[in-house]
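Just below is one structure, and these are the notes that go with it.
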Amino acid sequence: MKKIKDNCFNEFDPNAMSVEGALDNILKSINNIKTSEYVDLKKAYGRILSKNVKSRINVPNYKNSAMDGYAINVESFNENDKTYECIGESFAGNPFLKSVKKNQAIKVMTGGMIPSGCNAVVMKELVTKTGSFINTGSTIIEDQNIRFPGEDIKKNTIVLKAGKEIDEIDIGILASLGISKVPVKKKPIIGFISTGNELVSIKKPIKMSQVYDSNRYLLHGLLLKYPVEIKDYGVVKDKMITIEKKFVEASSDCDVLITTGGVSVGDADYVKDVLEKVGKVNFWKIAVKPGRPLAYGKINKCIFFGLPGNPVSVVVTFNLFVNAALNKLLGKSNDHPLSLEAELLTDIKKRKGRKEYKRGILISKKSKLYVRKSGSQGSNILSSVKDANCYIELSENMREVCKGTKVKVLPFTLKSEYYE
Ligand code: AMP
Ligand code: MG
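This note's numbering puts the first residue of the sequence shown at 36, with every later residue one more than the last.
Pasting the structure below:
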């Protein structure tokens with residue numbers, strides 16, 4: 036097939052879509068998966084809830100003590116005589132079930148049920164004991180040191196909403212409600228293919244002019260963070276018919292197919308042409324750096340991303356576009372990345388025309404945020420991503436950005452070890 040002439044090498048490309056336009060197009064073209072399944076609580080980690088979870092019980096489900104101490108009734112409290120007779124014990128899991136008179140006390144442990152007739156707990160440390168009698172010392176207020184039913188979670192309330200990605204706290208909450216099986220979205224199948232004649236498998240010796248197929252492992256790693264099934268379709272050579280066959284085969288098995296490489300305007304770049312032939316191209320170029328050539332579309336029902344070949348472009352376009360697509364597909368809610376403002380510590384070169392995502396190092400010093408570039412910014416320099424903890428987002432219209440300018444920063448995570 037004859038290659039289409041293209042002006043991909045200018046910063047301004049009239050055919051390139053804005054990042055926002057591309058995201059809008061992607062999100063509009065994807066519906067979330069309807070199928071769900073029940074999984075064991077421990078296996079629910081990282082999965083997306085498919086239904087709201089309602090509490091069937093109160094947590095806690097009985098009135099209990101917040102302290103080790105003595106349960107008493109405040110009505111019988113007398114400033115002149117603060118003594119109570121201790122007539123029993125209430126341990127967590129082993130309550131005192133008889134009734135308690137107003138001038139009597141029950142020794143209670145944290146979590147122990149408050150016996151009927153008692154309405155306050157005095158801390159053990161504040162009490163003086165003489166034989167079976169205690170003296171409460173200070174004044175006592177009704178309900179002090181008592182935990183009430185439903186104080187944490189009320190019965191019949193929605194505790195977790197559909198679309199929530201289940202984390203360790205959610206697992207703890209679900210367990211506190213006695214829920215052992217959790218309704219989650221079924222895992223969609225995400226396949227990936229590397230394209231390129233130069234690619235060699237990592238176990239083989241490498242010759243001059245060859246490249247280890249690192250994207251395959253990079254993509255696998257990126258996908259591990261999602262509740263999806265991953266399918267590795269290996270490498271295809273830069274040959275139209277081979278690519279076509281592979282696309283047809285893989286797209287019939289997968290919900291999403293991701294390729295890397297072969298999507299630009301080079302003489303060995305066939306991905307977009309094949310997508311056009313066997314499916315539909317929604318858009319092909321985005322005004323973004325790195326990652327301008329990116330073929331997005333569908334092959335029948337399979338969502339298709341033809342990502343660029345350079346590893347940094349793979350990471351950036353995955354984070355920007357594939358992430359949005361997977362979250363939409365999974366019906367995941369609340370996925371707005373945190374953005375911060377930080378002061379630039381170095382000048383950054385930029386030309387107008389594309390939104391740029393530089394790899395940066397965000398630093399917190401005396402409660403102020405600063406950011407600098409993390410090494411060389413070439414789209415082949417994966418080590419600059421390794422050293423980074425954020426993207427510095429520079430809008431399309433910005434030119435060179437000078438030291439001291441406030442810029443938008445998108446942190447990868449908020450782990451404290453990243454802060455100097
Ligand atoms: P392409 O988009 O196919 O022209 O590739 C752009 C650059 O990315 C070239 O230098 C390729 O060698 C490199 N590249 C493409 N695919 C991979 C891969 N799977 N692993 C590592 N580098 C790759
Ligand atoms: Mg290639």
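Beta carbons are placed, not taken as given, at the ideal position from N, Cα and C, and that holds for glycine.
Predicted, not measured: the structure shown is a model, and the values here were computed from it.
For residue 398, DSSP records a beta bridge to 405. Taking every protein chain shown into account, the CB of residue 114 has fewer than 16 other CB atoms within 10 angstroms, so this residue is exposed. Residue 202 sits exposed, since fewer than 16 C-beta atoms from the chains shown fall within 10 Å of its C-beta. Between the region 79 to 90 and the region 158 to 175, the count of C-beta pairs closer than 8 Å stays below three; the two stretches do not touch. In the three-state reduction of the DSSP assignment, residue 309 falls in the helix class, which pools H, G and I. Rounded to whole angstroms, the gap between the alpha carbons of residue 388 and residue 250 is 27 Å. Taken atom to atom, the span from the alpha-carbon of residue 395 to that of residue 101 is near 47 Å. Taking C-beta separations shorter than 8 Å and ignoring five residues to either side along the sequence, the partners of residue 74 in its chain run 82, 216, 217, 219, following chain order. A direct Cα-Cα distance of roughly 18 Å separates residue 280 from residue 330. Bounds of the alpha helix (DSSP H) holding residue 280 are 275 to 288. About 18 Å separates the beta carbon of residue 154 from that of residue 124, a gap too long to meet the 8 Å contact definition. Nearest to residue 399 by C-alpha distance, out of 414, 379, 336, 195, is 379. Following the DSSP letters along the chain, one finds residue 332 inside the beta strand (DSSP E) bounded by residues 328 to 334.
In this structure, residue 325 lies near residue 351, with their beta-carbon atoms less than 8 Å apart.
In the displayed model, residue 352 falls within a helix according to three-state DSSP.
The DSSP-derived three-state label of residue 201 is coil. Pairing residue 288 with residue 297 gives a Cβ-Cβ distance that is not under 8 Å.
For residue 170, the enclosing beta strand (DSSP E) stretches over residues 168 to 170. A straight-line Cα-Cα distance of about 16 Å links residue 95 and residue 205.
Residue nearest to residue 77 within the set 213, 323, 181 is 213 (criterion: CA-CA distance). Inclusion of residue 297 in the 7 Å shell around the ligand MG follows from its C-beta lying nearer than that to a non-hydrogen atom of the ligand. Between residue 322 and residue 431 a beta carbon distance of about 6 Å is seen, short of the 8 Å cut, so the two are scored as contacting. Here residue 393 is near residue 427, since their CB atoms are less than 8 Å apart. Around the Cβ of residue 327, a 10 Å sphere holds 16 or more other Cβ atoms; the residue is buried. Closest in C-alpha terms to residue 333, from the list 266, 98, 285, comes 285. Nearest Cα to residue 162 within the set 151, 148, 141: 141. Note that the C-beta distance between residue 130 and residue 148 is below 8 Å.
The beta carbon of residue 302 sits no closer than 7 Å to any heavy atom of the ligand MG. In this structure, residue 404 lies away from residue 261, with their beta-carbon atoms at least 8 Å apart. Between the alpha carbons of residue 315 and residue 419 lies a distance of about 34 Å. Closest option to residue 85, judged by alpha-carbon separation, among 98, 406, 97, 70: 70.
About 13 Å separates the CB atoms of residue 258 and residue 228; that is not less than 8 Å, and the two are not in contact. At least one heavy atom of the ligand AMP falls within 7 Å of the beta-carbon of residue 248. Taking the CA atoms as reference points, residue 374 sits about 7 Å from residue 446. At least one heavy atom of the ligand AMP is found less than 7 Å from the C-beta of residue 251. Per the coordinates, the alpha-carbon of residue 104 lies some 13 Å from the alpha-carbon of residue 127.
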